[in-house]
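The sequence shown begins at 18 in my numbering and counts up one residue at a time. Notes for the one structure printed next.
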Amino acid sequence: MKKQFGFLTLVGVLIFLISCGTTARVQKDDSVDFKQMRTYAWVDPSSKDSAKPLAKTNDLVDRKIKESIDKNLKASGWKMNQKNPDVLLVYEIDVEKEKRNLRTPVYSDPQYRYLYSPFSRRWIPVYYPSTLMGYQNNVQTVQEHTLTVTLLDAQSDKTIWQGWTTMDTDSRRLTDKEIEKNVKAIVQQLQQ
Numbered sequence: 018m019k020k021q022f023g024f025l026t027l028v029g030v031l032i033f034l035i036s037c038g039t040t041a042r043v044q045k046d047d048s049v050d051f052k053q054m055r056t057y058a059w060v061d062p063s064s065k066d067s068a069k070p071l072a073k074t075n076d077l078v079d080r081k082i083k084e085s086i087d088k089n090l091k092a093s094g095w096k097m098n099q100k101n102p103d104v105l106l107v108y109e110i111d112v113e114k115e116k117r118n119l120r121t122p123v124y125s126d127p128q129y130r131y132l133y134s135p136f137s138r139r140w141i142p143v144y145y146p147s148t149l150m151g152y153q154n155n156v157q158t159v160q161e162h163t164l165t166v167t168l169l170d171a172q173s174d175k176t177i178w179q180g181w182t183t184m185d186t187d188s189r190r191l192t193d194k195e196i197e198k199n200v201k202a203i204v205q206q207l208q209q
């Protein structure tokens, strides 16, 4: 019995930890064999044709993101090759303000009411539990950052793989932990 309880507890903790992870979304070209590709080179995002102007990132954030992507790709077996790469690599950060409607339930206070009982000739407390009174709607403004990593074929300059994560933050800047966590989630999807 103790072994079963310990096993079920372990399974519950693992499910909880897995659900807390960052999820990355991916679009890829199924006709491309990614096992043959192992070298990459960075491309300036401004040189890539874009329909909308990109949000300007500062130099420190740019270096942190590139270092994190380089580190995670090297751990996966990729190598940087500026002269003859298999793929070209570019990233983009999109920051949007989003308004979210939060519905919070509102409950009444629990109460005691005293009623006189003629049979026992004393006052008896009667408990009335709290009840749902309705919902309170609040509008909250959230900064939503989307980090997108795109792989382009070096010969044809076509997009062959794209991975992105979306995160909510309280500030306009990304922290080092947020960058590392999201880049790691994206690169893990590239290995699959």
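Every residue, glycine too, gets a C-beta built ideally from N, C-alpha and C. Source: prediction; values computed, not measured.
| Asked | Found |
| --- | --- |
| Check whether the Cβ atoms of I86 and L106 lie closer than 9 Å to each other. | yes |
| So, helix, strand or coil for V104, using DSSP? | strand |
| Name the DSSP bridge partner or partners of R139? | S134 |
| For L71 and T148, I'd like the C-alpha separation in whole angstroms. | The predicted model places L71 with a pLDDT of 49, which falls under 50 and marks its position as unreliable, so this point remains unresolved. |
| Can you name, in chain order, every residue of its own chain whose Cβ lies under 6 Å from the Cβ of A68, other than the five neighbours on each side? | Caution is warranted here: a pLDDT of 44 is assigned to A68, below 50, making its placement in the model unreliable, and no coordinate value can be reported. |
| If you follow the alpha helix (DSSP H) that A171 is part of, which residue opens it and which one closes it? | Premise fails: A171 is in no alpha helix (DSSP H) and is neither H nor E. |
| Measuring CA to CA, which of L77, F22 and A41 is closest to D193? | L77 |
| Verify whether the separation of the beta carbon atoms of P142 and P127 is less than 9 Å. | no |
| For P122 and G180, what's the separation of their Cα atoms in angstroms? | 37 Å |
| Give me the Cα-Cα distance between T163 and Q205, rounded to the nearest whole angstrom. | 17 Å |
| Would you kindly work out how many angstroms separate the C-alpha atoms of P153 and Y124, rounded to a whole number? | Note on residue identity: the sequence assigns Gln, not Pro, to residue 153. So the two alpha carbons sit approximately 10 Å from each other. |
| Would you list the one or two residues that DSSP bridges to E161? | E113 and D185 |
| Using three-state DSSP, classify R80 as helix, strand or coil. | helix |
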